[in-house]
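Here the structure comes first, spelled out in structure tokens, and everything after it is commentary.
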Amino acid sequence: MKERTISRQIQDLSTFKLPAGLRGRPAWFVQIWEITQALFFHSSPHVLYGWRRFLLRLFGARIGKCVMLRPSVTVTYPWKLSISDWSWIGEHVTLYTVGDITIGENVVVSQHSYLCTSTHDCARTTFDTLVAPIHVESEAWLASNVFVGPGVTVGRGAVVGACSVVMKDVPEGMVCVGNPLKILRRRTEVHL
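Take 139 as the starting number for the sequence shown in our numbering and just add one per residue.
Put into structure tokens, the structure is as follows:
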């Protein structure tokens with residue numbers, strides 16, 4: 139079968155515009171955060187969790203007590219981030235906070251995971267930006283290399299297995315894996 143030739147331009151990035159107010163702060167403030175993150179956050183020793191919490195709070199993040207963020211964590215816009223008490227954010231996690239990201243208490247986001255609140259409308263030639271918040275409810279665990287897309291809620295106590303892609307809500311208390319994400323079973327409490 140012959141491929142059909144596209145007769146019109148389907149993507150014209152010369153017409154792309156960021157929505158007004160998308161960043162939530164002026165460009166100069168964003169630049170100060172990026173410099174601070176590069177020089178003081180990423181270069182800090184592992185044990186300085188309090189220092190990294192302080193820096194995020196200084197730029198408007200709502201960070202609870204005893205939150206552990208590794209120095210290689212990347213946060214796009216801290217003023218759009220909320221992490222509750224006792225949560226852990228692992229090595230090389232990206233929190234792409236173009237939209238709000240809310241992380242509950244006792245959550246684990248493991249290494250190399252990517253929480254992405256933004257995408258583009260590929261049906262429009264202008265490639266418009268689409269933004270939707272992400273909510274990770276308390277006691278959830280995102281294992282390593284998990285991708286969470288815009289508009290997703292990961293339910294309380296849910297587990298998302300390594301290398302999974304999450305493009306729809308994850309039910310409370312369920313263990314899920316894969317791409318597309320599949321529910322395996324209910325998470326159960328284990329007593330030794």
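Where a beta carbon is used, it is the ideal one built from N, C-alpha and C, also for glycine.
Proximity winner among the options, relative to residue i (alpha-carbon distances)
i, options, result
"Val208", "Arg161, Ala296, Leu194", "Note on identity: in this sequence residue 208 is Arg, with Val being the wrong assignment. Per the Cα distances, Leu194."
"His250", "Ser210, Leu319, Ala158", "Ser210"
"Cys204", "Ser225, Thr174, Ser181", "Ser225"
"Leu280", "Thr326, Glu310, Thr257, Gly299", "Gly299"
"Gly228", "Met206, Cys301, Phe285", "Met206"
"Phe179", "Arg163, Ser152, Leu156, Pro216", "Pro216"
"Thr235", "Ser302, Gly289, Pro318", "Gly289"
"Leu156", "Ala176, Phe285, Thr257, Val274", "Thr257"
"Ile241", "Leu219, Gln175, Ala165, His230", "Leu219"
"Trp171", "Thr214, Leu322, His230", "Thr214"
"Asp307", "Leu177, Thr291, Ser248", "Thr291"
"Ile331", "His230, Ser302, His273", "The question about residue 331 has no answer here: the residues shown for the chain are numbered 139 through 330."
Whether residue i touches residue j by CB criterion (8 Å)
i, j, result
"Leu196", "Thr212", "no"
"Glu310", "Gly293", "yes"
"Gly237", "Ile221", "no"
"Leu319", "Val303", "yes"
"Val245", "Ala270", "no"
"Asp259", "Glu243", "no"
Distance between residue j and residue i (C-alpha atoms, nearest Å)
i, j, result
"Arg324", "Ala296", "9 Å"
"Gly316", "Ser282", "12 Å"
"Thr263", "Ser182", "42 Å"
"Phe265", "Leu160", "15 Å"
"Leu268", "Ala261", "12 Å"
"Ser276", "Val284", "17 Å"
"Leu177", "Thr326", "43 Å"
"Val168", "His230", "20 Å"
"Val185", "Ile173", "21 Å"
"Trp189", "Arg163", "23 Å"
"Val313", "Met305", "15 Å"
"Phe192", "Ala158", "29 Å"
"Ser152", "Cys301", "34 Å"
"Phe154", "Gln175", "28 Å"
Chain B within 8 Å of residue i, Cβ atoms only
i, result
"Phe285", "Checking the listed chains, one finds no chain B in this structure; it contains a single protein chain."
Exposed unless 16 or more other CB atoms sit within 10 angstroms - verdict on residue i
i, result
"Ala147", "Here the sequence assigns Gln to residue 147, which means Ala is not the residue at that position. Label assigned to Gln147: exposed."
"Ala122", "Any question about residue 122 goes unanswered here, given that the chain covers just 139 to 330."
"Cys356", "Because the chain here runs from 139 to 330, residue 356 falls outside it and cannot be looked at."
"Ser248", "buried"
"Gln149", "exposed"
### Task
Report the residue ranges of all beta strand (DSSP E) runs contained in full by the region 167–201; include only those spanning at least 3 residues, in chain order.
none
### Message
Going residue by residue through the region 244–286, where are the continuous beta strand (DSSP E) segments of at least 3 residues, counting only ones entirely within it?
### Response
252–254, 256–258, 267–269, 272–274
### Message
Quick check for students: name the residue ranges of the beta strand (DSSP E) that lie wholly in the region 210–237, counting only runs of 3 or more.
### Response
219–221, 232–234
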